[in-house]
Amino acid sequence: MSEEGHMPAKTMSPDEFRETGYQHIDWIASYFERVRDLPVLPNVAPGELAARLPVSAPECGEPIEQILKDFDYSIFPGLTLWNHPRFFAWFANSSSPPSILAELLIAAMNVNVMLWKSSPSATELEQVTLSWLRQWLQLSESFFGIIYDTASVGVLQALGAAREWKDPECRVKGMKPGLTVYTSEHTHSSSEKAAITLGFGQENVRKIGVDQRFRMRPELLEEAIVSDLEGGKTPCCVVATVGTTSTASIDPVPEIASIAERYGIWLHVDAAYGGPAAIVPEMRHILDGAERAHSLILNPHKCLFVSMDCSVLYTRFPDVFKRASSLSAEYLKTGEDSLVVNYNDYGVQLGRRFRALKLWYVMRYYGHQGVIALLRESLRLAQFLAARIQENPDLELSAPVVFSLVCFRHKGSNGVNQRTMQAVNETGHAFLSHTVLDGQFVLRFAIGNMQTNEDDIQSTWDLIARTAAREAAAEEAVAAQS
Ligand code: PLP
Numbered sequence: 000m001s002e003e004g005h006m007p008a009k010t011m012s013p014d015e016f017r018e019t020g021y022q023h024i025d026w027i028a029s030y031f032e033r034v035r036d037l038p039v040l041p042n043v044a045p046g047e048l049a050a051r052l053p054v055s056a057p058e059c060g061e062p063i064e065q066i067l068k069d070f071d072y073s074i075f076p077g078l079t080l081w082n083h084p085r086f087f088a089w090f091a092n093s094s095s096p097p098s099i100l101a102e103l104l105i106a107a108m109n110v111n112v113m114l115w116k117s118s119p120s121a122t123e124l125e126q127v128t129l130s131w132l133r134q135w136l137q138l139s140e141s142f143f144g145i146i147y148d149t150a151s152v153g154v155l156q157a158l159g160a161a162r163e164w165k166d167p168e169c170r171v172k173g174m175k176p177g178l179t180v181y182t183s184e185h186t187h188s189s190s191e192k193a194a195i196t197l198g199f200g201q202e203n204v205r206k207i208g209v210d211q212r213f214r215m216r217p218e219l220l221e222e223a224i225v226s227d228l229e230g231g232k233t234p235c236c237v238v239a240t241v242g243t244t245s246t247a248s249i250d251p252v253p254e255i256a257s258i259a260e261r262y263g264i265w266l267h268v269d270a271a272y273g274g275p276a277a278i279v280p281e282m283r284h285i286l287d288g289a290e291r292a293h294s295l296i297l298n299p300h301k302c303l304f305v306s307m308d309c310s311v312l313y314t315r316f317p318d319v320f321k322r323a324s325s326l327s328a329e330y331l332k333t334g335e336d337s338l339v340v341n342y343n344d345y346g347v348q349l350g351r352r353f354r355a356l357k358l359w360y361v362m363r364y365y366g367h368q369g370v371i372a373l374l375r376e377s378l379r380l381a382q383f384l385a386a387r388i389q390e391n392p393d394l395e396l397s398a399p400v401v402f403s404l405v406c407f408r409h410k411g412s413n414g415v416n417q418r419t420m421q422a423v424n425e426t427g428h429a430f431l432s433h434t435v436l437d438g439q440f441v442l443r444f445a446i447g448n449m450q451t452n453e454d455d456i457q458s459t460w461d462l463i464a465r466t467a468a469r470e471a472a473a474e475e476a477v478a479a480q481s
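Here is the structure:
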């Protein structure tokens, strides 16, 4: 304490940082060694963890070793382990070792990639890395890339650009009524959320019907556009998806692009999940037609081994994004503005994390061929699982398996499928999620963690098949008694 009774400010010396830093790296390395033996889902009740923690923050600083111990003892057991080889829920993914190491540097440098001046090499690395990724995706040079945190924010910006394009007075005078947005019944909710946030109005979002393979039906899209035009509306944007959330279906992008071009509508392609698979040469066809999109999103934090969060948007119309979003205050003006990209001009965010570094680390560490091999392995494992399902007469595939997502169900009731999922998840061995297709409860088995191997798939499949048979027999026994 000082003479006035004040605590001196606490600092961490470089030596203390080095020592405790090694402890943290050791903890992470040992996590990777033992992760297969840990339950994927925590066995905790709502409020249980919060109740164990102090209600107020400490008055005086505590040793970092103690904080790490408390993380290990109190926080870690309550985490759902996304970075686990048997995490198969939603869209399974990987925070790879090179991405984790890059995150350390990102935090240490703490640069803000708002202006070129605020961190020249971070801005230029974003441009270079997104050009590399564009080449891996075989997209033309006319696509300019921007990193956002998530695809939800990216589609918000894309709809903002579409609105600017169709209604250029909007920026100054406010939005004219009757601008419409077209999605399918299977489009991710982030597009509708963006339309709500931007003031399109939920009534102006058309959910176009899908075919038996859950793909948007282009003839219904055109009918909806014509009907809106006749009703005095202004069709503004259509969102086509490559890899929908429920079943990973692929909308017919070339046909949708032709309609968008015919009626002068902005085409946004949501390839948040599916896009990275196009890096695999035999999967490139999934992006057919995407070169005609005004904007396109893919998420390296979903399928490209980059830690949450990192979402990439490509657009052939960066100036429209700029017109929609830029507003430079005096204090942000720099001498280089006419020569450089200032990324804050392309979105609502001023402060931006240095996300390009982790993408650069991953692309360099694995290389093009390494990334192809990793993606191919997930695709192979999905086919391996699909074959097991097809061998079992009591189970069926519920959607085509194009990516590394497998949707399937027991042929029994919804209750059997629901209880199967719950029972499997409660074992902690694996974590699956579900969807509902045409009123049927369907299990989703999403493969995407780079450590997942055939044993993980086989053991989880055995557990599912056993559990589904038991649940179906139990249901039959109850029905027989009544
Ligand atoms: N688009 C699709 C197809 C998705 O599946 C998801 C999320 O799973 C999103 C968009 C939203 O992604 P994010 O979490 O990056 O906002």
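For the sequence shown, counting from 1, position 239 maps to 238 in numbering that gives the first Met the number 0; every step adds exactly one. Beta carbons: idealized from backbone N, C-alpha and C, even for Gly. Being a predicted model, the structure only gives us computed values, none of them experimental.
Original post:
If we count Cβ pairs, one from each stretch, closer than 8 Å, do we get three or more for the region 112–122 versus the region 456–468?
Top reply: no
Subject >> Alpha-carbon spacing of A88 relative to L356, whole angstroms >> reply: 28 Å
**OP:** Please go through the same chain and pick out, in chain order, the residues whose beta-carbon is closer than 7 Å to the beta-carbon of R315, but skip the five residues on each side of it.
**Re:** S141, F142, H293
Subject >> the region 372–385 in contact with the region 150–161 per 3-pair CB rule at 8 Å >> reply: Judged by Cβ distances under 8 Å, the region 372–385 makes no contact with the region 150–161, as fewer than three pairs qualify.
Subject >> Neighbourhood of C406 by C-beta, 6 Å cutoff - its chain only, sequence neighbours within 5 removed >> reply: T246, S397, A398, V441, R443
**OP:** Quick one: give me the first and last residue of the alpha helix (DSSP H) that F320 is part of.
**Re:** 317–324
Original post:
Can you list, in chain order, the residues of its chain whose CB lies under 8 Å from that of D14, leaving out five sequence neighbours each side?
Top reply: none
**OP:** Under the assumption that L527 contacts A157 (Cβ atoms under 8 Å), give the Cβ distance between them as a whole number of angstroms.
**Re:** This structure gives no information on residue 527, because the portion of the chain shown stretches from 0 to 481.
Original post:
At a cut-off of 7 Å, is N298 close to ligand 1 when judged by its beta-carbon and the heavy atoms of the ligand?
Top reply: yes
**OP:** Confirm the yes/no value for this check: CB of A150, any heavy atom of ligand 1, distance under 7 Å.
**Re:** yes
**OP:** Give the secondary structure of P234 by DSSP, where H, G and I count as helix, E and B as strand, and everything else as coil.
**Re:** P234 falls in the strand class under three-state DSSP.
Original post:
For D461, does the count of other Cβ atoms within 10 angstroms reach 16, so buried, or fall short, so exposed?
Top reply: exposed
**OP:** Identify every residue that forms a DSSP beta bridge with I145.
**Re:** L312
**OP:** Could you tell me whether the region 354–374 touches the region 235–255, using the rule of 3 or more Cβ pairs below 8 Å?
**Re:** no
Original post:
Should the region 411–425 be regarded as contacting the region 384–391, the criterion being three or more beta carbon pairs within less than 8 Å?
Top reply: Of all C-beta pairs linking the region 411–425 to the region 384–391, fewer than three are shorter than 8 Å, placing the two stretches out of contact.
**OP:** Count the other C-beta atoms from every protein chain shown that fall within 10 angstroms of the C-beta of P317, then say buried if there are 16 or more, exposed otherwise.
**Re:** buried
**OP:** Please confirm if the region 161–180 is in contact with the region 320–334, defined as three or more CB-CB distances below 8 Å between the two stretches.
**Re:** yes
**OP:** Could you check if T128 is buried or exposed, using at least 16 other CB atoms within 10 Å of its CB as the buried criterion?
**Re:** buried
**OP:** Reducing DSSP to helix, strand and coil, say where A422 ends up.
**Re:** helix
Original post:
Using a Cβ-Cβ cut-off of 8 Å (strictly less than) and excluding sequence neighbours within five positions of G411, which residues of its own chain qualify?
Top reply: Result list for G411: D393, A467, E470, A471, E474, in chain order.
Original post:
Grouping DSSP H, G and I as helix and E and B as strand, with all else coil, what is Y485?
Top reply: Here the chain comprises residues numbered 0 to 481, so residue 485 is not present and cannot be evaluated.
Subject >> Candidates E222, A429, L40, of which the one nearest P76 by Cα >> reply: L40
Original post:
Taking buried to mean at least 16 other C-beta atoms within 10 Å of its own C-beta, is V401 buried or exposed?
Top reply: buried
**OP:** Could you tell me which residues DSSP pairs with M215 in its beta bridges?
**Re:** V209
**OP:** Kindly give me the distance between the Cβ atoms of F213 and H187, rounded to whole angstroms, as I take these residues to be in contact under 8 Å.
**Re:** With 8 Å as the limit, F213 and H187 do not qualify as a contact, their Cβ atoms being about 13 Å apart.
**OP:** Could you check what DSSP says for D336 in three-state terms: helix, strand or coil?
**Re:** Assigned with DSSP and collapsed to three states, D336 falls in coil, not helix or strand.
Original post:
Assuming V171 and N203 make a contact with CB atoms under 8 Å, what is their CB distance in whole Å?
Top reply: With a contact defined as Cβ atoms closer than 8 Å, V171 and N203 miss out at about 21 Å.
Subject >> Member of I146, L138, S248 whose CA lies at the smallest distance from the CA of Q348 >> reply: I146
Original post:
By a C-beta neighbour count over all protein chains shown, 10 Å radius and 16 as the cutoff for buried, is L52 buried or exposed?
Top reply: exposed
**OP:** Can you tell me which of the three DSSP states A478 falls into?
**Re:** helix
**OP:** With hydrogens ignored, establish whether the beta-carbon of Y313 is closer than 7 Å to any heavy atom of ligand 1.
**Re:** Taking the Cβ of Y313 as the reference point, every heavy atom of ligand 1 lies at 7 Å or farther away.
**OP:** Let me know the secondary structure DSSP gives T196 once reduced to three states.
**Re:** helix
Original post:
Roughly how many angstroms lie between the CA atoms of Q211 and D250, to the nearest whole one?
Top reply: 12 Å
Subject >> Spatial neighbours of V34 in its chain, beta-carbon cut-off 6 Å, leaving aside the 5 residues before and after >> reply: H83
Subject >> Separation of W265 from A194, as counted between CA atoms >> reply: A direct Cα-Cα distance of roughly 14 Å separates A194 from W265.
**OP:** Could you please give me the residues that DSSP links to I249 through a beta bridge?
**Re:** V241
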